[in-house]
Amino acid sequence: MEDVHYVQTAAAKASARKKFNWYFWGTLFILPEIILFFIFLWVPILKGIFYSFYNIDFVDGNHFTGLDNYISIFQGELLLTSIKNTLYYMLLGVVLGFWIPPLVAIAVTELKWFQGAARIIGYLPSAVPAIVLYGMWMWFFDAVGPINSFLQTIGLQPIEFFSPHMSMISIVILETWQSFGAATLIYIAAIVSIPRELYEAAEIDGASVWQRIRHITLPSIRTLMLLLLLLQLITTSQGFQAQLSMTDGGPNNATLTYLLWMNHTAFRDLNFGKASAMGSLMFFVLILLSIVYNLLQRRSEKA
Amino acid sequence: MKPSERGILSSYDLKKGTVITGYTIMVLLMICMTLTILYPFFNTFFSSLKTREEFFAFPPTFFPKEWIWKNYEDAWTQFDLPLLTFLKNTIFIYLGNVVFSLMFIGLAAFALSHLRLPLKKWVTLYFFSTLLIPPATYIVPNFLNLKSLGLINTYWAFWLPAAANAYFMLLLKNFFDGIHKEILEAARIDGASEFISYMRIAVPLSTPIIGTLLMLAFSTTWNDFYWPNIVMADKSMYPLATGIYRYVVYPTSVIPWSVRFAVLTMAMLPPVIFFLTFQRFIVRGLSASSVKG
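Protein chains in written order, with our numbering: chain A, 1 to 303; chain B, 1001 to 1293.
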């Protein structure tokens, strides 16, 4: 009986040692990352929801305040203004910016010379720090800046780029200029991988150039366009840095996006509890969008 | 003409009048676009060399009448801008970010890809589900978290969180997945420990993806102005982008435009050179980050 018991524990020990060896290196390699992800990603993410029910005070400590933070978000006009501004910003991004990269990509792939140069130049604005671009464009949009000087030279009215009506449009123009190159490179990669034989066959069948673009090129990049559209919407819904550094939400809150408002609440008004609640609200809305995006991406990878 | 050499247009198309007209218009538009992209850069550079009067001249000049390099000297000396400190901080943050992220993320990605792990599915989910969560929504608790850890106003506030990057992990893991098991198996049979086979086999084989990651990390660090502005409290700790944001381009800045542009020119020069040198990696990084079309 004892022998059997002994044999069993020995076997258990051996299998435990084997299990230990089996998993040792993998666990050792992955443990630091598990800890780092926990401390610097999961804790903040979860704490955000926790903090949203508290009044954060660095001196007197935090107090549980129930839904007060959420209620105060819905009081006043800023919520409506900032959501309207954010949606307007997202819409402008699509109207002014979204359609440019695919067209440029089609044009660049048809260039006989300087294709490489065109790609590099197009990407150049994405390589330069955003803050430098904001500094540059503050001058270009200035009342006496180059654009207005040019307009006056050819006899047109100067544009007030930072008026309440124009300021968001100005910011979107700048951001389109800044980021279309990167998107163009992605489209180029997709367009180049379309089999040339399709165009050959279409041409033999008498399809015009426009028909080839319409029925071969565009359908081949349709999924990609949808993905990039979603990606752009997700990105622009979180936009606030251009607004922060160029107009700081002004004039008259015309460029106050939701996240800019959140950042003002946290780091200017030092109301961290309310800001956490605003982040949590945003979180639930964006999570929905992210899930849709990932489902689509998975579908396109299968295809 | 072989099909592989044609695009949407064939050489035959280019003999038709309407196509030639359309193509010419397209080329002209592309040239306009190129000029639109390049103009702001050159304008910034040349304006940084103008006198303060010429800067506002009407009609505006493109090339400066005289090249006033003194604007650059002023940028360094006149306005209490510790540009060298800012630059040093940026590089310091970048190096720390790279060391911490590549060291820890590399090991973890290797484990996910080639080693045996308990609850592998759950561990993978634990890492990659963070990709779904938009970072902007936890800026505030992230700050509070760093504050409660006592990391505010230290570089650890960048270095340690830099290692919690699921996106880099995904790129590395995808690359490691492409390394054949047989190579690692052979190393194991020859008695190499997993760490040795990681260092001597996986890492050397991964130089392209590591190059891409170095690039991505560089542009992130060089670009980020908002987060350091929150996390750092002293002027002497700010990286360059934050220094420019706080002391150079803020809306009511008192620094003359030409000097401001001198600072901006200097700030964009390193990334532009970096980009032109390593553009191969960037393009690869972009297509790695995008979907297959």
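Glycine included, each C-beta is placed from N, C-alpha and C at the ideal position.
(message) In the DSSP output, which residue or residues are listed as bridge partners for N55 (chain A)?
(response) A:H63
(request) Below 8 Å on the Cβ atoms is my guess for M166 (chain A) versus L92 (chain A); work out the distance and round it to an integer in Å. (result) About 11 Å; that fails the 8 Å criterion.
(message) For F1128 (chain B) and G1106 (chain B), what's the separation of their Cα atoms in angstroms?
(response) 15 Å
(request) For the alpha helix (DSSP H) holding E197 (chain A), just list the boundary residues, first then last. (result) 196 to 204
(message) Let's see if you can read the secondary structure: which residues bound the alpha helix (DSSP H) around H1114 (chain B)?
(response) 1083 to 1114
(request) Would you be able to state if there are at least three C-beta pairs under 8 Å between the region 1206 to 1225 of chain B and the region 201 to 210 of chain A? (result) no
(request) Could you tell me whether any Cβ in chain A is nearer than 8 Å to the Cβ of F1225 (chain B)? (result) yes
(message) Against chain A, does D1234 (chain B) count as a neighbour if the rule is that its beta carbon must be under 8 Å from one of theirs?
(response) no
(request) Just the chain B side, please: which residues come within less than 8 Å of D248 (chain A) by C-beta, in chain order? (result) P1251
(request) Can you have a look at P1118 (chain B) and say buried or exposed, based on whether 16 or more other CB atoms are within 10 angstroms of its CB? (result) exposed
(message) Using C-beta distances below 7 Å, list every residue in its chain close to A1108 (chain B), excluding the 5 sequence neighbours before and after it, in chain order.
(response) M1169
(request) For V1291 (chain B), collect the residues of the same chain with a Cβ closer than 7 Å to its Cβ; drop the 5 residues on either side in sequence, then sort them by chain order. (result) In this prediction, V1291 (chain B) scores a pLDDT of 38, lower than 50, which makes its location untrustworthy; no coordinate-derived value is stated.
(request) Examine the Cβ distances between the region 289 to 299 of chain A and the region 89 to 103 of chain A and report whether three or more of them are shorter than 8 Å. (result) no
(message) According to DSSP, is S208 (chain A) part of a helix, a strand, or is it coil?
(response) coil
(message) Suppose you measure from the CA of M1199 (chain B) to the CA of I1093 (chain B); what does that come to, to the nearest Å?
(response) 25 Å
(request) Determine the burial state of Q1078 (chain B): buried for a count of at least 16 other Cβ atoms within 10 Å of its Cβ, exposed for fewer. (result) exposed
(message) Quick check on G273 (chain A): does DSSP put it in helix, strand or coil?
(response) helix
(message) Quick test of your reading: I1008 (chain B) and T223 (chain A), contact by CB under 8 Å. State the CB separation rounded to the nearest angstrom.
(response) No, I1008 (chain B) and T223 (chain A) are not in contact; Cβ-Cβ is about 19 Å, not under 8 Å.
(request) Kindly indicate which three-state DSSP category R119 (chain A) falls into: helix, strand or coil? (result) helix
(message) Which of the three DSSP states is assigned to G145 (chain A) in this structure?
(response) coil
(request) Taking S290 (chain A) as the query, report the chain B residues whose CB atoms sit under 9 Å from its CB, ordered along the chain. (result) L1131, L1132, I1133, P1134
(request) Give the residues from the region 1251 to 1266 of chain B that approach chain A closer than 7 Å (Cβ to any Cβ), ordered along the chain. (result) P1251, W1257, R1260, L1264
(request) Kindly indicate which residue of B:L1213, B:M1268, B:S1253 has the alpha-carbon position closest to the one of L1102 (chain B). (result) B:L1213
(request) Could you check the C-alpha separation between L79 (chain A) and I73 (chain A) for me, to the nearest Å? (result) 7 Å
(request) Report yes or no: do three or more beta-carbon pairs, one from the region 40 to 60 of chain A and one from the region 270 to 278 of chain A, lie closer than 8 Å? (result) yes
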